[in-house]
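Q: Residue numbers (UniProt numbering): 1 to 148.
1) If you measure between the beta carbons of residue 116 and residue 94, is that distance less than 7 Å?
2) In three-state terms, what does DSSP make of residue 90?
3) Taking Cβ to Cβ, would you say residue 87 is nearer than 7 Å to residue 50?
4) Would you identify the three-state DSSP class for residue 35, choosing helix, strand or coil?
5) State the DSSP-derived secondary structure class of residue 113, mapped to helix, strand or coil.
6) Rounded C-beta distance between residue 101 and residue 58? I'm assuming under 8 Å.
7) Quick one: Cα of residue 163 to Cα of residue 80, how far?
8) The alpha helix (DSSP H) spanning residue 51 covers which residue range?
9) Please classify residue 76: does DSSP put it in a helix, a strand, or coil?
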């Protein structure tokens, strides 16, 4: 893959307006390319639309890496999601369809659609009919399901 071409300040200011930018759209590449073009920090803040402190931090990160590559965006720390995006979408669709749905009925519908149980208690087992119909056996064979 080839090297990405640096943007000039005229290209950036003509493509975007200050209020149209969000923090996700402001890349380190833009700030660094303006810095390489000998733009002052105040000029960069006017073009990009971020605070002076933000520009100084990005330039400092660029200089600390030897001035060779732009600093990579780090993943923000936070708690790992306990349920997948698919399950969250199913929950949203079910609640939109029936706003008065109970959590028990919602859990049964999710189990029938996705095949996984959602519960705060990790040892909670759904009704035996749910286990048999969804195939979520939880380590039990069909004969032990019947005897339980």
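Built from N, CA and C at the ideal position, the CB exists for glycine as well. All of these numbers come straight from a predicted model, not from anything done at the bench.
A: Taking the definition as stated:
1) no
2) helix
3) no
4) helix
5) helix
6) So it is not a contact: roughly 47 Å between Cβ atoms.
7) With the chain running from 1 to 148 in the structure shown, residue 163 is simply not present.
8) No alpha helix (DSSP H) holds residue 51; DSSP gives it neither H nor E.
9) coil
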